[in-house]
Ligand SMILES: *Cc1c(COP(=O)(O)O)cnc(C)c1O
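Following this line, the structure appears as structure tokens:
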């Protein structure tokens, strides 16, 4: 039967197989279930099947779901573009932000992170495809950003996130993810303790895992196709 529960099982199996095939430590790839465009009840179904990390792209849509599910021990990941007038709620309601690409946004998240919470986990979003339309930093800006935000102690800079242009060729997918990994390696060599690569979606998770992903963000393969209203 094609249910959230069975699809979640399938995705876990795909991750396990890829970890094994590409020589990753078993369990080294975390699964973020991307629930944008889906109902709180669907999130709860995945939660009941053991899923704990969920990703949302739109603050307005996420806030009521987070409130509805507040008694569950869910780790919330913000993965969409961050607008500066939305940072206060993001800093207070989320455990991770994958999509930081400007100093101004990083500063606001830092300043607005509630003191009683641990530092906010942050990934810097880089633009591998060099498409004008995609969010994310080019490489020159990445070096500048990382220096400008290094002293923000309410943020924990964990790693890099990328959304390469969609393509169905495995070698081409790997090539794009390999570039993200190379940037991580360079930053680690400069003394940045980055332990996270947030890369891989329903259509390219195996290629991402082959190139060292530690977090895959999976929506469609778990929850099914999104309606056009929530489509990004
Ligand atoms: C929607 C989205 C995903 C999930 O994509 P699927 O193809 O449905 O798995 C992952 N990451 C980001 C940033 C997204 O916006």
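In this note's numbering, the protein residues as written are 5 to 236.
Each residue gets a CB set at the ideal place from its N, CA and C atoms; glycine is no exception.
Using the Cα positions of residue i and residue j, report the straight-line distance between them to the nearest angstrom.
i, j, result
"residue 105", "residue 190", "18 Å"
"residue 212", "residue 113", "28 Å"
"residue 23", "residue 62", "30 Å"
"residue 124", "residue 10", "32 Å"
"residue 176", "residue 166", "15 Å"
"residue 194", "residue 147", "11 Å"
"residue 224", "residue 230", "7 Å"
"residue 234", "residue 132", "Low confidence applies here, because residue 234 scores a pLDDT of 47, under 50, leaving its location unreliable; read the following figure in that light. Approximately 24 Å between the Cα atoms of the pair."
"residue 237", "residue 163", "As displayed, the chain neither begins before 5 nor continues past 236, which places residue 237 out of reach and without an answer."
"residue 54", "residue 77", "11 Å"
"residue 56", "residue 79", "6 Å"
"residue 94", "residue 101", "8 Å"
"residue 51", "residue 110", "30 Å"
"residue 222", "residue 68", "21 Å"
"residue 171", "residue 83", "20 Å"
"residue 186", "residue 205", "20 Å"
"residue 236", "residue 41", "Here residue 236 scores only 46 on pLDDT, less than 50, and its place in the model is too uncertain to base an answer on."
"residue 121", "residue 143", "31 Å"
"residue 21", "residue 29", "11 Å"
"residue 152", "residue 145", "10 Å"
"residue 157", "residue 203", "25 Å"
Since residue i contacts residue j with CB under 8 Å, what's their CB separation in whole angstroms?
i, j, result
"residue 86", "residue 130", "Contact flag wrong, Cβ pair sits at about 15 Å."
"residue 217", "residue 181", "7 Å"
"residue 2", "residue 149", "The structure shown does not extend to residue 2, since the chain is modelled only from 5 through 236, so no value can be given for it."
"residue 37", "residue 59", "7 Å"
What are the boundary residues of the alpha helix (DSSP H) that residue i is part of?
i, result
"residue 174", "174-193"
"residue 109", "107-116"
"residue 145", "143-153"
"residue 45", "44-52"
Skipping 5 residues on each side, what residues in its chain have a beta carbon closer than 8 Å to that of residue i?
i, result
"residue 19", "33, 35, 209, 213 and 220"
"residue 46", "8, 39 and 227"
"residue 14", "225"
"residue 31", "23"
"residue 99", "79, 80, 81, 124 and 125"
For the beta strand (DSSP E) that residue i lies in, which residues bound it at each end?
i, result
"residue 166", "159-166"
"residue 59", "57-60"
"residue 202", "200-202"
"residue 222", "219-222"
"residue 63", "Residue 63 -> not in any beta strand (DSSP E); alpha helix (DSSP H) instead, spanning 63-72."
"residue 33", "Element bounds for residue 33: n/a, residue is neither H nor E."
"residue 130", "124-130"
"residue 15", "Run containing residue 15: none in the beta strand (DSSP E); it sits in the alpha helix (DSSP H), 8-25."
I'd like the list of long-range same chain contacts for residue i, defined as Cβ closer than 6 Å, with 5 residues on each side in sequence excluded.
i, result
"residue 74", "none"
"residue 161", "126"
"residue 118", "96"
Excluding the 5 residues preceding and the 5 following residue i in the sequence, name in chain order all residues of the same chain whose CB lies nearer than 7 Å to its CB.
i, result
"residue 48", "73"
"residue 141", "105, 128, 129, 130, 131 and 149"
"residue 12", "50, 53, 55 and 226"
"residue 70", "80 and 97"
"residue 188", "163, 164, 198 and 201"
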